[in-house]
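Below you'll find the structure, written out as structure tokens, and then a few comments.
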């Protein structure tokens with residue numbers, strides 16, 4: 001039993017350590033003892049700038065990174081199972097871009113000015129539409145082929161990206177709206193606040209629960225729809241539920257953290273090495289690993305060239321793209337199960 | 338079981354969104370920030386910050402930080418350098434601001450994108466602009482740091498009242514009123530000069546952009562004796578303008594912001610090589626002028642220099 005839990009403990013410890021380091025390191029010099037004191041005592045004394053830096057700049061940013069990374073990784077892990085394809089990932093399938101398009105349109109239409117929740121809801125809608133279309137085109141009769149799946153993803157990713165570009169160019173006519181849209185598109189995790197944590201926590205944990213509840217059925221579906229139906233699983237229902245849950249995970253991650261690629265690709269593959277291919281163990285490991293990865297990536301992004309911040313997407317792509325190419329080169333490791 | 342999970346998820350999401358609805362809207366949803374006011378002749382003074390919060394200023398600030406270029410420019414006229422601990426990174430570029438020569442090297446260079454560096458300076462007053470995002474302001478409020486925002490500067494009057502507000506906030510009202518008086522005298526001198534009955538139709542061509550009604554450029558062109566063709570055509574604010582559309586406006590004079598620090602006369606080459614410009618009479622005549630961006634693009638007192646330059650250009654070509 002102990003051995004079975006070891007990888008989870010390792011990943012959780014890694015995540016906690018990453019958050020602790022992220023909270024203690026930054027452009028402003030806050031002595032370690034002060035940072036730890038702020039964490040322990042909470043924000044007492046409103047004029048203590050060091051506690052504010054720790055508790056209201058660095059901590060919410062690290063938690064948003066953790067939530068977004070975890071959500072994208074679980075989304076990637078579940079999509080790889082759902083499509084029975086190791087290259088499936090929210091970014092590759094265009095789901096991330098779909099969510100970004102939803103978010104940008106919501107800002108452009110002024111919805112977010114009145115209803116803050118419009119941003120995550122629109123992002124989720126964009127993600128659901130893209131996932132559903134990719135699923136409809138990329139899989140016929142319960143079988144998905146890598147070629148059509150990836151091509152459908154590429155086409156939709158480009159279409160959504162074009163939509164984002166169109167929205168940006170239209171929004172530039174109005175300075176204030178243009179500035180908000182651009183700030184959202186370019187902004188990685190800078191200036192995250194507890195608002196984003198509040199916005200993301202419940203839907204991400206909720207969607208995570210839905211995905212985990214279907215983990216065993218996902219295992220059965222790996223053998224094909226016929227096999228799944230034979231053991232009494234409605235493959236279509238499970239697929240519909242997972243499409244919505246993974247889209248919510250991606251949509252919320254994009255709404256709180258921006259369009260970040262490659263986390264959903266790398267984390268499941270590393271997690272599979274650690275805990276095996278069974279989704280009951282794989283998906284929680286994805287969450288813990290993806291969260292820790294993104295916190296570390298963000299830490300790298302904001303410290304490597306400090307005080308200049310790298311964009312988070314640059315760091316995840318720098319790690320993710322070579323990893324993706326390695327996967328493509330070594331076809332043997334394409335196994336999902 | 339599944340229904341239970343779904344219901345729980347829905348409840349949790351609704352609860353968290355109800356909570357976030359009770360919070361102020363997220364910063365990306367905030368448009369232009371409000372304009373601060375400072376009340377009271379002597380300390381303690383009452384400041385209304387850009388988010389509408391009432392803050393008491395007990396004493397003249399000693400550690401002032403500006404995260405807006407216009408704030409940098411005005412403060413450099415009002416405050417001794419040792420009271421300025423942070424300026425924007427733009428302040429060092431002579432093509433962007435004539436104040437670059439005044440900027441003390443000892444002051445840190447900051448941006449609103451980096452709130453922790455801002456807090457680390459431990460400022461006792463921070464100056465923002467209408468376009469500053471609201472997260473750093475919320476954070477500064479929490480840290481007990483007063484924030485002064487001078488809002489949008491859409492007219493020369495806005496610029497003058499920004500100088501007055503900042504003078505009151507930093508406790509240098511006399512220097513501020515002296516600066517305002519000298520600016521008013523220069524603006525009046527431009528207004529009082531003799532000029533022809535017909536206003537020259539002026540296009541400010543910023544390589545694909547121009548500025549319509551409700552912009553400082555529009556006010557400056559009008560006060561210089563011209564008429565902004567973009568504004569005449571019904572455009573508002575900073576707008577995209579293609580070369581074709583610019584040509585169709587048939588201006589009498591074309592002004593181009595330039596990086597050099599001296600104006601340029603009769604410089605049609607500033608428009609580039611697109612042959613379409615040859616359809617404009619002003620271009621054929623050579624009525625194309627370069628105005629240093631450091632003046633034309635300024636939203637502080639430096640824009641009055643642009644006013645004088647444009648007035649000179651319009652005088653030079655009127656009969």
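Residue numbers (my numbering), protein chains in the order written: chain H, 1 to 337; chain S, 338 to 656. Don't be surprised by glycine CBs; every beta carbon is placed ideally from N, CA and C. As the structure is a computational prediction, the values presented were derived from the model and not from experiment.
Taking 8 Å as the cut-off, the Cβ atoms of residue 301/H and residue 319/H do not count as close.
Residue environment analysis places residue 531/S among the exposed positions, since fewer than 16 neighbouring C-beta atoms fall within 10 angstroms of its C-beta.
Under DSSP, the beta-bridge partners assigned to residue 382/S are 394/S.
Boundaries of the alpha helix (DSSP H) around residue 203/H: 194-213. When 9 Å is used as the limit between beta carbons, residue 422/S is near no residue of chain H, the shortest such separation being about 13 Å. Residues of chain H whose Cβ lies closer than 7 Å to the Cβ of residue 451/S are, in chain order, 27, 307. Going by beta carbons, residue 579/S and residue 549/S fall outside the 8 Å limit. Chain H places a beta carbon closer than 8 Å to that of residue 577/S, counting this residue as a contact. Per DSSP, residue 445/S is one residue of the beta strand (DSSP E) stretching across 445-447. Taking a Cβ-Cβ cut-off of 8 Å, the neighbours of residue 57/H in chain S comprise 452, 453, 456, 476, given in sequence order. One thing to note: residue 631/S has its Cβ no nearer than 8 Å to the Cβ of residue 487/S. Below the 8 Å Cβ cutoff, chain S contributes no neighbours of residue 67/H, its closest Cβ being approximately 12 Å away. Between the alpha carbons of residue 616/S and residue 329/H lies a gap of roughly 58 Å. Put simply, of 260/H, 30/H, 229/H, 188/H the residue whose alpha carbon is nearest the alpha carbon of residue 290/H is 260/H.
Residue environment for residue 626/S: buried (at least 16 other C-beta atoms within 10 angstroms of its C-beta).
About 6 Å separates the beta carbons of residue 445/S and residue 422/S, which is inside the 8 Å limit, making them a contact pair.
Per the coordinates, the alpha-carbon of residue 546/S lies some 12 Å from the alpha-carbon of residue 554/S. DSSP links residue 40/H through a beta bridge to no other residue. For residue 374/S, the three-state secondary structure derived from DSSP is strand.
For residue 479/S, the nearest beta carbon of chain H is closer than 8 Å to its own beta carbon. Within chain H, the C-beta atoms nearer than 7 Å to that of residue 459/S come from 49, in chain order. According to DSSP, residue pairing for residue 565/S in a beta bridge involves 539/S. Put simply, the stretch 221-240 of chain H does not touch the stretch 106-116 of chain H. Fewer than three CB pairs are less than 8 Å apart. Under the 10 Å beta carbon count, residue 325/H is surrounded by fewer than 16 other beta carbons and is classified as exposed. Secondary structure of residue 139/H (DSSP, three-state): strand. The stretch 401-451 of chain S is shown to contain whole beta strand (DSSP E) runs of 3 or more residues at 401-403, 421-425, 445-447, in chain order. CA-CA distance, residue 489/S to residue 508/S, rounds to 22 Å.
Chain order gives the chain S residues near residue 179/H as 468, where near means a beta carbon separation below 7 Å. Residues of the same chain with a CB within less than 6 Å of the CB of residue 207/H, apart from the 5 flanking positions on each side, are 245, 248, 249 in chain order.
Residues of chain S with a Cβ closer than 8 Å to the Cβ of residue 52/H are, in chain order, 456, 476, 479, 480. In this structure, the straight-line span from the alpha carbon of residue 405/S to that of residue 308/H is close to 18 Å. Only 187, 190, 191, 192, 193, 194, 195, 196, 198, 199, 200, 201, 202, 203, 205 from the stretch 186-205 of chain H bring a Cβ to less than 9 Å from some Cβ of chain S. In summary, residue 87/H is buried, with 16 or more beta-carbon neighbours lying within 10 Å of its beta-carbon over all protein chains present. Shortest Cα-Cα distance from residue 212/H to any of 55/H, 280/H, 270/H, 118/H involves 280/H.
About 17 Å separates the Cβ atoms of residue 76/H and residue 295/H, ruling out a contact at the 8 Å cut-off.
Using a Cβ-Cβ distance cut-off of 8 Å, the stretch 210-224 of chain H and the stretch 155-164 of chain H are not in contact, since fewer than three pairs of beta carbons, one from each stretch, lie closer than that value.
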